[in-house]
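Below: one structure, written as structure tokens.
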Amino acid sequence: MALQKCGLNLNRVAKELQPHGSLDFPCAGYSSHHLARTEDIIPWHWHEEIELIYISHGRMQVKTSESSFVLNEGDLAAINANTLHFASASPEGTLCSLVFSPLLITGNQESAFSTKYIQPLLSCRAFTDCQINSADKEMISAWFKTAFEAIANDSCGFEFTVRENLSRICFYLYKKFEPLMDAKTAALDHNNLRIRKMLDYIHKNFADNISLPDISGAADISERECLRCFKKMLQVSPVQYLLKYRIMQGAELLLSDPSSSISEIASGCGFDSPSNFAKTFKRFYRCTPREYRNNSTKKREKKL
239 MALQKCGLNL
249 NRVAKELQPH
259 GSLDFPCAGY
269 SSHHLARTED
279 IIPWHWHEEI
289 ELIYISHGRM
299 QVKTSESSFV
309 LNEGDLAAIN
319 ANTLHFASAS
329 PEGTLCSLVF
339 SPLLITGNQE
349 SAFSTKYIQP
359 LLSCRAFTDC
369 QINSADKEMI
379 SAWFKTAFEA
389 IANDSCGFEF
399 TVRENLSRIC
409 FYLYKKFEPL
419 MDAKTAALDH
429 NNLRIRKMLD
439 YIHKNFADNI
449 SLPDISGAAD
459 ISERECLRCF
469 KKMLQVSPVQ
479 YLLKYRIMQG
489 AELLLSDPSS
499 SISEIASGCG
509 FDSPSNFAKT
519 FKRFYRCTPR
529 EYRNNSTKKR
539 EKKL
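Just so we're aligned, residue 239 is where the sequence shown starts under the working numbering, counting upward by one.
See below:
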């Protein structure tokens, strides 16, 4: 898989649009060197994935909505999903990170991994960020490095290595914050059940001309309640989620189905025209669908 290029693509509310990894393996690794200059700042942003940050050289300052701290060489921190965060060199630093969807660990939202551990962790109000303390740093750093090197080297079976070590880190975080989780936070409430139903509907019907009433109807709630539920649980509107899901599906099809034209893929992903698909695709991936397909083809040919 190798490391992805580090670069933020944000919408108007500072949500990162760039997908991390792929639908079949939602995890990406990044490495970037920063100096104490404006163009090297990592601006305030947030994403739906968990992020692990490791400083391999120098020092970086990290801020979240709840705290501000400095990470020195060898330090590691975790940022919860949907948490605003910011980073800058202090005065120089190399940042390595793994950004991954909770679904990489849980498999699906109904599994025991999700309901017993990951959802309570994500919902824990005390967990916005976590600096790994000195007593545990060597162990957690070893797990991080093993996962990071596997994804960076694109080694055979790297998916197993990455998932195993990220699972260890997630369970460590769960145990650390378990005393701060009350029964109300840990339980699957109505919002979780509603979101599951609506996401399931979107995933099954994204290629159709579905609307907000269709999505809210999947959970048997009003449109207003649907909007509130999405905002509270995912910090994104149902339409924005649908759009991102369609684009990610389109990106997958561009590579997995080279015989299909861009027009056919656009139609198959629910877009009303190829031009609308191309415009939206460029917002997320910073290139046109054709460029995305051609660049990926060239990279594969180089490996052969």
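Each residue gets a CB set at the ideal place from its N, CA and C atoms; glycine is no exception. On a predicted model such as this, the values are computed, not experimentally measured, just so you know.
To the nearest angstrom, how far is it from the Cα of residue i to the Cα of residue j?
i    : j    : result
M486 : L261 : 7 Å
S349 : D438 : 15 Å
F564 : F398 : In the structure displayed, the chain extends from 239 to 542; residue 564 sits before or after that span and is not available.
Y530 : C507 : 16 Å
S405 : F386 : 13 Å
E463 : I356 : 25 Å
L492 : D374 : 43 Å
C525 : S372 : 43 Å
D392 : A364 : 35 Å
L290 : K470 : 23 Å
S270 : E461 : 42 Å
T366 : T353 : 19 Å
W282 : S501 : 36 Å
L341 : E304 : 25 Å
K520 : S513 : 11 Å
Hey, residue i and residue j are a contact pair by Cβ (cut 8 Å); roughly how many whole angstroms apart?
i    : j    : result
A315 : I370 : 7 Å
L465 : P476 : 7 Å
S328 : V308 : 6 Å
For residue i, does the three-state DSSP call read helix, strand or coil?
i    : result
N371 : coil
I503 : helix
I448 : coil
H258 : coil
S494 : helix
A388 : helix
N403 : helix
I279 : coil
R521 : helix
D458 : coil
E529 : helix
C362 : coil
S352 : helix
D438 : helix
C467 : helix
Going by DSSP, name the residue or residues bridged to residue i.
i    : result
M298 : L309 and A327
F269 : It is Ser, not Phe, that sits at residue 269 in the sequence shown. Paired residues: C334.
L314 : Y292
What residue from the options has the CA that sits closest to residue i's CA?
i    : options                   : result
N532 : N429, L342, D495 and I356 : D495
A479 : S305, G488 and F468       : Looking at the sequence itself, residue 479 is Tyr, so the reference to Ala does not match. Here the closest residue by C-alpha is F468.
Y523 : N318, K536, G488 and E289 : G488
H285 : L491, I279, F386 and I317 : I317
M436 : F338, P417 and D458       : D458
K482 : K470, L492, E461 and H441 : H441
R401 : S339, S294, A364 and I280 : S339
G455 : R434, Y410 and V474       : R434
I448 : D510, T344 and P527       : D510
I343 : M377, L359 and T332       : L359
A325 : K383, Y292, F351 and S534 : Y292
R432 : C265, I407, E287 and Q347 : Q347
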